[in-house]
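Notes follow once the structure below has been shown.
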Amino acid sequence: MSRTPLMPKATAVWLVENTSLTFDQIAEFCHLHVLEVKGIADGDVAHGIKGMDPISSGQLTREEIKRGSDDPKYHLKLSEPKVEIPVVKTKKGPKYTPVSRRQDRPNAILWLLRQHPELKDSQIMRLVGTTKPTIEAIRERTHWNSPNLQPADPVTLALASQTDLDKEVQKAARRLERERKAAEKEAIKAGTLLPAEETAPVKPKKVEAKLVTAAELAAHKEATEAAAMALKRTDIADRAPTDRTAEEQAASAKSEANAMFAKLKDLKRDDEDDAPASG
Numbered sequence: 002m003s004r005t006p007l008m009p010k011a012t013a014v015w016l017v018e019n020t021s022l023t024f025d026q027i028a029e030f031c032h033l034h035v036l037e038v039k040g041i042a043d044g045d046v047a048h049g050i051k052g053m054d055p056i057s058s059g060q061l062t063r064e065e066i067k068r069g070s071d072d073p074k075y076h077l078k079l080s081e082p083k084v085e086i087p088v089v090k091t092k093k094g095p096k097y098t099p100v101s102r103r104q105d106r107p108n109a110i111l112w113l114l115r116q117h118p119e120l121k122d123s124q125i126m127r128l129v130g131t132t133k134p135t136i137e138a139i140r141e142r143t144h145w146n147s148p149n150l151q152p153a154d155p156v157t158l159a160l161a162s163q164t165d166l167d168k169e170v171q172k173a174a175r176r177l178e179r180e181r182k183a184a185e186k187e188a189i190k191a192g193t194l195l196p197a198e199e200t201a202p203v204k205p206k207k208v209e210a211k212l213v214t215a216a217e218l219a220a221h222k223e224a225t226e227a228a229a230m231a232l233k234r235t236d237i238a239d240r241a242p243t244d245r246t247a248e249e250q251a252a253s254a255k256s257e258a259n260a261m262f263a264k265l266k267d268l269k270r271d272d273e274d275d276a277p278a279s280g
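Encoded structure:
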């Protein structure tokens, strides 16, 4: 396990301000991401952190810094400590966030939710040291300060290192790739378990062409005409009773009219016969 200098960010601040070492050299020596070192140089990262001289603390020599300044590809080596300090194994637990930075956590969470939606809540909790209810509240816009939140990079806010952020993003990308491959395997497996009748292509039935002779064509035409005539006769026969009924109704009406006229004539004769008798 490679040793890390004490107070790596403070050491990086001092090296950026007092040496001509490259960002890559400082990042490698301090175990930081090169973008963090660039952010320190631009004034975006490590606000308020006072630089620590690695020479006075015995972590780096002037000769080592000179060799690094002369050769941009040179790898700085940490000086051997005069006192052997045992490595203390730290237990995994919630990340500690300084009190002065805690008000920036909601902005960092909002940035992570927007820029890296593939991250799990547990990964966001590790990065910025928050809780699951806080993440849910910011995601659902039910946080008490939701209208005033502005997304901000947690690296810029000094809540997480660029190395840790990249590590979590890469881990999430690998997880998504595994899930995608597993889904493809399940889809392929489900497809092979279908019945053979469903997976096999349907073969169209072959229609054999048959030559028709002139005699067969004439016979077919004659049969068609005969069927048409029979259908016409049937239609006429179906309508005939209706026509006869109409004729019968007309005759009945005519006979009734004649009977009425006859009665009128009889009544007229009776009146004529009664007239002389009364005179």
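When you number the sequence shown by the numbering used here, it's gap-free, plus one each residue, and the end is 280.
Yeah, the Cβ is synthetic: ideal placement off N, Cα and C, and Gly gets one too.
Look at the alpha carbon of residue i and the alpha carbon of residue j, and state the distance between them as a whole number of angstroms.
i    : j    : result
M126 : H144 : 16 Å
L158 : R102 : 8 Å
P20  : D71  : Per the sequence presented here, residue 20 reads as Thr, with Pro not at that position. So the alpha carbons of these two residues sit roughly 11 Å apart.
P107 : S147 : 9 Å
A174 : A184 : 15 Å
P9   : H76  : 16 Å
T98  : G49  : 16 Å
I139 : H117 : 14 Å
A161 : A191 : 43 Å
K39  : E119 : 26 Å
L16  : K51  : 12 Å
S123 : R4   : 28 Å
K186 : I27  : 45 Å
K182 : A188 : 10 Å
L150 : M53  : 34 Å
E37  : K67  : 23 Å
H136 : P152 : Here residue 136 turns out to be Ile, not His, going by the sequence shown. Going by the C-alpha atoms only, they are around 13 Å apart.
Q104 : R142 : 17 Å
E29  : K78  : 10 Å
E180 : I56  : 49 Å
K96  : P73  : 35 Å
L111 : D43  : 24 Å
E169 : F24  : 23 Å
Within 10 Å of its beta-carbon, does residue i have 16 or more other beta-carbons around it, so buried, or fewer, so exposed?
i    : result
D154 : buried
H34  : buried
P134 : exposed
Q60  : buried
T12  : buried
P6   : buried
V100 : exposed
T131 : buried
A361 : Lying before the first or after the last residue shown, residue 361 is absent from the chain, which here runs from 2 to 280.
Q163 : buried
E226 : exposed
P82  : exposed
E223 : exposed
Sorted by chain position, which residues of the same chain lie with C-beta nearer than 6 Å to residue i's C-beta, five sequence neighbours on each side aside?
i    : result
D45  : T157
G69  : L22, Q26, Y75 and L77
K172 : none
S256 : none
Is residue i near the ligand ZN - that is, is its Cβ less than 8 Å away from at least one heavy atom of it?
i    : result
Q163 : Inclusion of the ligand ZN in the displayed structure is not the case, the ligand content being empty and no account of it being possible.
Kindly list the residues whose CB is nearer than 8 Å to the CB of residue i, restricted to its own chain and excluding five residues on each side of it in sequence; keep chain order.
i    : result
L177 : E119
D167 : H34
C31  : T5, P6, P9, K10, T12, A13, L16 and V38
S80  : G59, Q60, L61, T62 and E65
R115 : P152
L113 : L120, I125, L128, V129 and P155
Which same chain residues, not among the five before or five after residue i, have their C-beta less than 7 Å away from its C-beta?
i    : result
A109 : V129, A153, P155, L158 and L160
I41  : A13, V14, V17 and A47
Alpha helix (DSSP H) runs contained entirely in the region 127-192, provided each spans 4 or more residues: 133-140
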